[in-house]
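**Q** Quick note on the UniProt record's numbering: the sequence shown kicks off at 1 and runs consecutively.
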Amino acid sequence: MEELDLILESVKQDMDAAVKHLDHAFQRIRAGRASTSMVQDVMVEYYGAMTPINQVANVSIPDAMTISIQPWDRTAINAIEKAIINSNLGFAPSNNGENIILNVPPLTEERRRDLAKQAKSETEQTKIVVRNARQDGLKELKKLDGVSEDVVKGVEEEIQTYTDKYVKLCDEHLKTKEAEIMKV
Numbered sequence: 001m002e003e004l005d006l007i008l009e010s011v012k013q014d015m016d017a018a019v020k021h022l023d024h025a026f027q028r029i030r031a032g033r034a035s036t037s038m039v040q041d042v043m044v045e046y047y048g049a050m051t052p053i054n055q056v057a058n059v060s061i062p063d064a065m066t067i068s069i070q071p072w073d074r075t076a077i078n079a080i081e082k083a084i085i086n087s088n089l090g091f092a093p094s095n096n097g098e099n100i101i102l103n104v105p106p107l108t109e110e111r112r113r114d115l116a117k118q119a120k121s122e123t124e125q126t127k128i129v130v131r132n133a134r135q136d137g138l139k140e141l142k143k144l145d146g147v148s149e150d151v152v153k154g155v156e157e158e159i160q161t162y163t164d165k166y167v168k169l170c171d172e173h174l175k176t177k178e179a180e181i182m183k184v
């Protein structure tokens with residue numbers, strides 16, 4: 001019985017991790033407003049080491065369409081600017097010597113549709129991970145010896161219930177993100 005609980009817990013953890021990854025992926029998809037999460041994955045070459053931008057500068061949002069990046073070390077300003085350009089985020093940084101300003105342009109209708117497609121693609125990938133977690137759980141279940149068929153069937157149904165729940169959760173997250181993206 002302990003092995004069954006471990007299998008169920010493992011499946012649930014894998015599905016939870018998949019949904020958390022989806023949320024993180026959705027944060028990187030911009031929805032018209034400036035957000036610090038848009039630049040959180042930018043890596044800056046700082047004294048020879050690749051360092052996350054939030055460890056070399058203060059990233060803030062002065063208004064809905066602007067991201068301000070103020071380096072703690074002014075000598076790093078050119079490296080930060082270069083990292084932003086190389087990250088393919090689509091921003092043109094402006095450098096005033098003390099900080100870097102990123103203006104977030106309003107989204108066109110075509111760009112909104114592309115971002116919605118990207119969100120849908122991320123959701124589909126997450127659903128695949130959820131289904132793979134179900135398959136892994138069912139394979140582990142088949143390997144167990146000395147467990148009655150009724151108990152195995154019950155655990156299989158519970159795994160399927162988790163799968164349905166997490167797939168539905170992915171769809172709800174997508175619906176919310178699409179509404180956020182398409183909102184003008």
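All C-beta atoms, glycine included, are put in the ideal place defined by N, C-alpha and C.
Quick check on residue 56: buried or exposed, where buried means 16 or more other Cβ atoms within 10 Å of its Cβ?
**A** buried
**Q** Under the three-state reduction of DSSP, which class applies to residue 51: helix, strand or coil?
**A** strand
**Q** With residue 129 and residue 18 assumed to form a contact (beta carbons below 8 Å), what rounded beta-carbon distance in angstroms separates them?
**A** 4 Å
**Q** Please report the residue range of the alpha helix (DSSP H) in which residue 7 lies.
**A** 2 to 28
**Q** Can you tell me whether residue 64 is helix, strand or coil according to DSSP?
**A** coil
**Q** Going residue by residue through the UniProt domain "Ribosome recycling factor" (23 to 182), where are the continuous alpha helix (DSSP H) segments of at least 4 residues, counting only ones entirely within it?
**A** 77 to 86, 109 to 143, 149 to 182
**Q** Buried or exposed for residue 177, going by 16 or more other Cβ atoms inside 10 Å?
**A** buried
**Q** Are the beta-carbon atoms belonging to residue 137 and residue 10 less than 9 Å from one another?
**A** yes
**Q** Indicate whether at least one CB of chain B lies closer than 9 Å to the CB of residue 164.
**A** Here chain B cannot be found, since the structure has a single protein chain.
**Q** Can you tell which of 47, 108, 158, 163 has its C-alpha closest to the C-alpha of residue 132?
**A** 163
**Q** Using 8 Å for Cβ pairs, my map puts residue 71 next to residue 61. What's the rounded Cβ distance?
**A** About 17 Å separates the two Cβ atoms, so there is no contact after all.
**Q** Return the Cβ separation of residue 95 and residue 77 in integer angstroms, given the expectation that the two are a contact with Cβ distance under 8 Å.
**A** 6 Å
**Q** Closer than 8 Å by C-beta to residue 66: which residues in its own chain qualify, once you throw out the five before and the five after it? Chain order, please.
**A** 34, 101, 102, 103, 104
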